[in-house]
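The numbering of the sequence shown is full-length UniProt numbering, which starts it at 1 and goes up by one.
Have a look at the structure below before the remarks.
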Amino acid sequence: LVITRDMRVFSRTLGVSGACDVLEFRRGETGIPLKGREGLWQPYPVEYKRGKPKEGTEDTLQLCGQAMCLEEMLCCEIPCGALYYHEPRRRTEVDFTPELRQEVRALLEEMHALYARGSTPKVKPTKGCNACSLKGLCLPKLMRSKSVSAYLRGAMEGEQ
């Protein structure tokens with residue numbers, strides 16, 4: 001087993017970049033060669049999460065997106081990965097099905113379309129916002145009361 005942490009990933013095809021918390025390379029019959037190592041090594045992404053498993057699919061989609069980036073970067077197939085949740089302290093294996101991959105592609109296409117239109121979707125704050133790493137950028141409480149354009153207009157005019 002070879003372990004890499006905080007590996008930067010990107011996909012020109014998907015138009016996205018990010019980082020894998022942990023990328024394990026497991027020796028096997030399929031995979032890629034690693035410099036200085038014998039045989040083939042199958043990449044296996046592991047995403048670490050602080051709390052409990054969520055009801056939504058956001059963690060699964062994130063992990064699948066990372067795998068899709070890795071597949072493009074490493075020219076290999078990655079059939080599965082794992083989510084590790086801190087509270088139950090265990091891994092949940094995720095199969096990267098064709099349906100899951102299509103959902104990732106569809107969401108990224110929607111994201112790029114919103115960006116191209118200059119449209120910022122209204123945030124729907126949830127209790128998960130407090131633990132989100134993007135809370136400082138997203139500002140869910142601020143967006144509850146004003147649109148982005150109204151906030152920016154007010155900020156430029158010196159309103160508080």
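C-beta atoms are modelled at their ideal positions from N, C-alpha and C, and glycine is treated no differently.
{"Query": "Could you have a look at Thr-126 and say whether DSSP puts it in helix, strand or coil?", "Result": "coil"}
{"Query": "At the 8 Å Cβ level, is Asp-21 part of the contact set with chain D, yes or no?", "Result": "As a matter of chain content, chain D is missing from the structure shown, which is built from one protein chain."}
{"Query": "Could you tell me the distance, in whole angstroms, from the CA atom of Glu-103 to the CA atom of Lys-35?", "Result": "34 Å"}
{"Query": "Could you give the distance in angstroms between the alpha-carbon of Ala-114 and the alpha-carbon of Leu-107?", "Result": "Before going on, a small fix: residue 114 reads as Leu here, not Ala. Looking at the two C-alpha atoms, the distance is approximately 11 Å."}
{"Query": "Looking at the structure shown, is Cys-64 part of a helix, part of a strand, or coil, going by DSSP?", "Result": "helix"}
{"Query": "With 16 as the cutoff for other CB atoms within 10 Å, does Pro-43 come out buried or exposed?", "Result": "buried"}
{"Query": "Pull up the distance between the alpha-carbon of Thr-57 and that of Thr-92, whole angstroms please.", "Result": "13 Å"}
{"Query": "Quick one: Cα of Val-94 to Cα of Ser-149, how far?", "Result": "39 Å"}
{"Query": "Residues in the same chain with beta-carbon distance under 7 Å from Gly-15, minus the five sequence neighbours each way, listed in chain order, please.", "Result": "Leu-108, His-112"}
{"Query": "Going by DSSP, what residue range makes up the alpha helix (DSSP H) through Pro-98?", "Result": "98-117"}
{"Query": "Report the three-state DSSP secondary structure of Arg-153 (helix, strand or coil).", "Result": "helix"}
{"Query": "Nearest-angstrom Cα distance between Cys-76 and Pro-33?", "Result": "11 Å"}
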